[in-house]
Structures are given as structure tokens and as C-alpha cells.
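Participant: If you're matching positions, the sequence shown starts at 8 in the numbering used here and goes up one per residue. Note that CB positions come from ideal geometry on N, CA and C, so glycine has one too.
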Amino acid sequence: MNKTLSILYAFLGGAIVGCGAALLLAPEKGEDVRSKICKILKRKGIKISDSEVDALVAELAGHAE
8 MNKTLSILYA FLGGAIVGCG AALLLAPEKG EDVRSKICKI LKRKGIKISD SEVDALVAEL
68 AGHAE
């Protein structure tokens with residue numbers, strides 16, 4: 008195998024690994040996070056509305072009014 012093909016394969020391998028890592032580590036959509044928060048709180052016996060979750064997320068993010 009010549010040196011050019013080795014470099015090409017190394018580049019492609021790195022690109023594939025990088026794409027896989029990006030997909031695994033990408034943040035979730037806000038809607039999904041809010042849904043998870045609701046489910047966790049409900050399991051703990053805390054009843055909370057969607058608007059209350061939105062306010063909680065905004066407060067945690069430092070954007071509360």
C-alpha cells in the first residue's frame with residue numbers, strides 16, 4: 008500500500024470516528040429535555056405543568072424574568 012492511500016484511509020477513519028462522536032455527544036432538543044424533567048419530577052411525586060417546566064428551565068439557564 009502506498010503512502011497516499013495510507014493517509015487517505017487515516018483521514019477517512021478519523022472523519023468517521025469524529026462523526027460518530029458528534030452524534031453521540033450532541034445535546035438533545037429542548038423539548039426532549041423538558042419532557043425528561045417532567046417525567047423525573049412526576050416519578051418523585053411532584054406535579055408540574057409544562058409552563059412551570061419552561062419557567063424552571065429558564066431560571067436554571069439564567070434567563071428568568
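Let's test the definition: count the other Cβ atoms within 10 Å of the Cβ of I23 and tell me whether it reaches 16, buried, or not, exposed.
Facilitator: exposed
Participant: If I follow the unbroken alpha helix (DSSP H) through G52, where does it start and stop?
Facilitator: Note, G52: premise wrong, no alpha helix (DSSP H); not H, not E.
Participant: Helix, strand or coil: which one does DSSP assign to K36?
Facilitator: coil
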